[in-house]
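Asks: Below are the structure tokens for one structure; questions will follow.
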Amino acid sequence: MFDEINTPVDQDGYQHRWIDGSPIDIPVGKAVCVGRNYADHARELGNDVPDAPILFMKPATSLVSLHEPLALPKGQGAVHHEVEMVVLIGKRIHRETNLDNVRFSIAGYGVGLDLTLREVQNTLKEKGHPWERAKAFDGAAPVSGFIDARGISVKQKLNVTLEINDEVRQHGHTGQMLFPTFELISEISQTFTLEPGDLVFTGTPAGVGPLNSGDKFTARLGNIIQVFGSVA
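Quick note: the sequence shown uses my numbering, first residue 1036, plus one each step.
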């Protein structure tokens, strides 16, 4: 179904996997992330609701397993959680406008955290600088195993939820996204070619806040993925 890839997996440990833990035979690529794709999240941070997707990227070195204890950066201020539906790309997408072609190029869906050094980000924004120091550090993109896209309809308005220490911190659903999944990926592909093994983080609902050492969390995507995790 998907492009055959012979590139070896990341030798540092992270590898895309199905939710049952079995490896997916595609390389580990970049993560394209979308800011302010939920209006309530934009407003909670005092930002305008965008009229076009706000895009930024994380390198492959940001990717780690959500199933392993999270190691947070030290001495750089608060590290905020942003729970998101994550799309795994299975076929090359380049300037694609046909949404059916986009749909058939998706390998799977997962749940992940866009970890953010919030104070660092605010300082960078005040100076008009890029966000990479706040968003693209090693380990900044923990992601779950993936569910095969053939068994999922994103029209189901999948819930995206994060509980921390048994308290619901974030809850929304994919029907609230300003830029829906297939349209979003089509738009991304007009600027960034998406290759097999790339990820798209589709945005976060309201409720972002700090993670702390010792926290226990549960990240959910609908009733199809549930990850119990912790912060080291």
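Cβ atoms here follow ideal geometry from the backbone N, Cα and C, with glycine treated the same way.
All of these numbers come straight from a predicted model, not from anything done at the bench.
Note down, one range per segment and in chain order, each beta strand (DSSP E) of at least 3 residues found wholly within the segment 1188-1226.
Replies: As far as the segment 1188-1226 is concerned, its whole beta strand (DSSP E) runs of at least 3 residues are 1194-1199 and 1202-1208.
Asks: Figure out for me which residue from Thr-1239, Ser-1097 and Gly-1264 has the closest Cα to the Cα of Ser-1005.
Replies: Summary: the structure shown does not reach residue 1005, with the chain confined to residues 1036 through 1267, and so no result is reported for it.
Asks: Hey, would you say Gly-1143 sits closer than 8 Å to Leu-1123, going by beta carbons?
Replies: Translated into the one-based positions of the sequence shown, residue 1143 becomes position 108. Translated into the one-based positions of the sequence shown, residue 1123 becomes position 88. It is a contact, given that the beta carbons lie within the stated cut-off.
Asks: Under the rule that 16 or more other beta-carbon atoms within 10 Å means buried, what is Ala-1087, buried or exposed?
Replies: Counted from its first residue, the sequence shown places residue 1087 at position 52. That one is exposed.
Asks: With DSSP as the reference, label Ser-1140 as helix, strand or coil.
Replies: As a position in the sequence shown, residue 1140 is number 105, starting the count at 1. Reduced to three states, the DSSP call for Ser-1140 is coil.
Asks: Using the C-alpha atoms, what's the distance from Gly-1238 back to Glu-1161?
Replies: As a first step, residue 1161 is located in the sequence shown; it is residue number 126 there, counting from the start. As a first step, residue 1238 is located in the sequence shown; it is residue number 203 there, counting from the start. Near 22 Å, if we compare the C-alpha coordinates of Gly-1238 and Glu-1161.
Asks: Pull up the CB-CB distance for Thr-1209 and Thr-1216, whole angstroms please, since I reckon it's below 8 Å.
Replies: The residue labelled residue 1209 in the question sits at position 174 within the sequence shown. The residue labelled residue 1216 in the question sits at position 181 within the sequence shown. Yes, they are in contact, since the Cβ atoms of Thr-1209 and Thr-1216 sit about 7 Å apart, within 8 Å.
Asks: Just to confirm my understanding: we take Glu-1079, look at its own chain, exclude 5 residues before and 5 after, and list those with CB closer than 6 Å. What are they?
Replies: For the purposes of this step, residue 1079 is identified with residue 44 of the sequence shown, where counting begins at 1. For Glu-1079, where only same-chain residues beyond five positions count, the Cβ hits under 6 Å are Ala-1241.
Asks: Is it right to say Glu-1117 is buried, meaning 16 or more other beta carbons lie within 10 angstroms of its own, or is it exposed?
Replies: As a working note, residue 1117 is residue 82 in the sequence shown. Buried: at least 16 other Cβ atoms inside 10 Å.
Asks: Just reading off the beta strand (DSSP E) that Thr-1253 is part of, what are its end residues?
Replies: Position 218 of the sequence shown holds residue 1253. That run of the beta strand (DSSP E) goes 1251-1256.
Asks: Using DSSP with H/G/I as helix, E/B as strand and the rest coil, what is Gln-1156?
Replies: On the sequence shown, residue 1156 is found 121 positions in, with the first residue counted as 1. In the structure shown, Gln-1156 sits in a helix (DSSP, three-state: H, G or I).
Asks: Do Phe-1236 and Val-1069 have their C-beta atoms within less than 8 Å of each other?
Replies: Along the sequence shown, read from residue 1 onward, the residue named residue 1236 stands at position 201. Along the sequence shown, read from residue 1 onward, the residue named residue 1069 stands at position 34. Contact flag set, yes.
Asks: Should Asp-1233 be labelled buried (16 or more other beta-carbon atoms within 10 Å of its own) or exposed?
Replies: Along the sequence shown, read from residue 1 onward, the residue named residue 1233 stands at position 198. By the Cβ-count criterion, Asp-1233 is buried, with 16 or more other Cβ atoms from all chains shown falling within 10 Å of its own Cβ.
Asks: Suppose only complete runs of 3+ residues qualify. What are the beta strand (DSSP E) ranges in the segment 1058-1092, listed by chain order?
Replies: 1066-1070
Asks: Using the C-alpha atoms, what's the distance from Glu-1131 back to Ile-1223?
Replies: Translated into the one-based positions of the sequence shown, residue 1223 becomes position 188. Translated into the one-based positions of the sequence shown, residue 1131 becomes position 96. Between Ile-1223 and Glu-1131, the C-alpha separation is close to 9 Å.
Asks: Check this for me: beta carbons of Ser-1057 and Pro-1177, under 8 Å apart or not?
Replies: As a working mapping, residue 1057 is identified with position 22 in the sequence shown. As a working mapping, residue 1177 is identified with position 142 in the sequence shown. Result no, Cβ atoms of Ser-1057 and Pro-1177 do not sit closer than 8 Å.
Asks: In the DSSP assignment, find the unbroken beta strand (DSSP E) run with Glu-1119 in it and report its ends.
Replies: As a first step, residue 1119 must be located in the sequence shown, where it is residue number 84. 1118-1124 is the span of the beta strand (DSSP E), which, as asked, contains Glu-1119.
Asks: Less than 8 Å between the beta carbons of Val-1189 and Gly-1207, yes or no?
Replies: As a position in the sequence shown, residue 1189 is number 154, starting the count at 1. As a position in the sequence shown, residue 1207 is number 172, starting the count at 1. No. Outside cutoff.
Asks: Would Gln-1205 be called buried (16 or more neighbouring beta carbons within 10 Å of its own) or exposed?
Replies: What you label residue 1205 is simply residue 170 of the sequence shown in a count that begins at 1. Burial call: buried.
Asks: In whole angstroms, what is the alpha-carbon distance linking Asn-1258 and Gly-1180?
Replies: As a first step, residue 1258 is located in the sequence shown; it is residue number 223 there, counting from the start. As a first step, residue 1180 is located in the sequence shown; it is residue number 145 there, counting from the start. Straight-line Cα distance between these residues: approximately 14 Å.
Asks: Thinking C-alpha only, which one of Asn-1136, Leu-1134, Phe-1139 and Gly-1147 is nearest Lys-1093?
Replies: Counted from its first residue, the sequence shown places residue 1093 at position 58. Checking every option, the nearest Cα to that of Lys-1093 belongs to Gly-1147.
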